[in-house]
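Undergrad: Following this message is one structure expressed as C-alpha cells.
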DNA sequence: TGGAGTTAGTTGGTAATACGAACTATCTCT
DNA sequence: AGAGATAGTTCGTATTACCAACTAACTCCA
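Protein chains in written order, with UniProt numbering: chain A, 1 to 126; chain B, 1 to 126.
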C-alpha cells in the first residue's frame, strides 16, 4: 500500500470515526471539539497554546471552550510554575470519569466496523 | 494488538488527523465540518439525511451548511427522482477541484507523521 | 541591566455552527 | 382515502471560531 493510499484510507477512517464521535458527543451534551479536548487531556497536561495547536484552533477560541467546561467541573486551569504567563489545562476527576465513559461508548460504537477499518488501513489492500 | 488497543490508537490517530484538517480548513476559509462534507461528497451523492447521519449531525444543521456552501458554488442540490421529498447533494466542478487541492495539502501535512501513524495502527506495537 | 521586541492568554465583536421544536410536502400502508 | 411516518426547511438560542486589540510576563542583547 502506497503512502498516498494509506493517507487516503486514514482520512476516510477519520471521517468515519469523527461522525461517531460527533453523534456520541451530542448524546452526552458535548460538542465534537469538547470531546477532542477530553481525548487529548486524557493523558496530557498541556498549556492553552499547546492545546490550541493540537486542535488546530486559534488560542482565542480556547478561552471560552475552557471556561464552559470548567464551569461544568470537567476540567481546570492552573498556573504554570515555570512561566507565569502560561496556563496549564487538565481534567478533573469528574472529567476523567466522563472521558472513560465516553471512550467506552466510542469503542462499542466502532466495534461493528472494526474489521473493515482494520483492513482498509493495512498493507494488503488493492 | 487487541481490538481495544486498535480502537484507542485509531481514536488518537483521528484526533491528530482532525487537528490537521481543522488547521488546513481554517487556512482555506472552511470549517472542519465543511471539510468533512467535501470529503464525503468526493465519491458520493447522498441525500441530506444520509449526509447528516454520516456526519453525526442533526438534519436541521445541514440546511444552513449546504446553503452557505451552495452560495459559494462548491456544492449543489438536486431533487431526488425517486422521492420528491428528498434532496440529493453533490459537489460542483469547483467543489471537486477545491477538494482535490485540500487533499493534496492534507497528504503533505500528514507525511512527516506517516511512519508513526502507521506503526501505531499496526499489529506489532507493544 | 534596561528596555525593545516576543509570547501567553483574555476580551469583545461578528459570523458560522448546531440543536430542538414546529411546520409543509410527500410517501407508505392498510 | 386517510392516518401515521419521513424529508427537508425555518426559527430561536447557545456554542464555536475567527480576528483585532489588550495586559502581563518573558527574552535577550547592546
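For glycine and all other residues, C-beta sits at the position ideal for the given N, C-alpha and C.
Check the Cβ of residue 20 (chain A) against every Cβ in chain B and list those closer than 8 Å, keeping chain order.
TA: 56
Undergrad: Considering only heavy atoms of the ligand SAM, does any lie closer than 7 Å to the CB of residue 16 (chain B)?
TA: This structure simply doesn't include the ligand SAM, nor any ligand for that matter.
Undergrad: Going by other Cβ atoms of all chains shown within 10 Å of its Cβ, with 16 needed for buried, is residue 99 (chain A) buried or exposed?
TA: Buried, since its Cβ has 16 or more Cβ neighbours within 10 Å.
Undergrad: Give the single residue among B:2, B:92, B:85, B:113 whose Cα lies nearest to the Cα of residue 76 (chain B).
TA: B:92
Undergrad: I need the boundaries of the beta strand (DSSP E) containing residue 145 (chain B), first residue and last residue.
TA: Because chain B here runs from 1 to 126, residue 145 (chain B) falls outside it and cannot be looked at.
Undergrad: For the alpha helix (DSSP H) containing residue 36 (chain A), name the first residue and the last one.
TA: 32–41
Undergrad: Taking only beta-carbon positions, decide if residue 91 (chain B) is within less than 8 Å of chain A.
TA: no
Undergrad: Whole angstroms is fine: what's the gap from residue 73 (chain B)'s alpha carbon to residue 106 (chain B)'s?
TA: 22 Å
Undergrad: In whole angstroms, give me the CA-to-CA distance for residue 180 (chain B) and residue 8 (chain A).
TA: Nothing about residue 180 (chain B) can be reported from this structure: the residues present for chain B run from 1 to 126 only.
Undergrad: Does the beta-carbon of residue 18 (chain A) have 16 or more other beta-carbons within 10 angstroms, so that it is buried, or is it exposed?
TA: buried
Undergrad: In the DSSP assignment, find the unbroken beta strand (DSSP E) run with residue 187 (chain B) in it and report its ends.
TA: Nothing can be reported for residue 187 (chain B), as the shown portion of chain B is limited to 1 through 126.
Undergrad: For residue 37 (chain A) and residue 44 (chain B), what's the separation of their Cα atoms in angstroms?
TA: 30 Å
Undergrad: Pull the bridge partners of residue 77 (chain B) from the DSSP assignment, please.
TA: B:89
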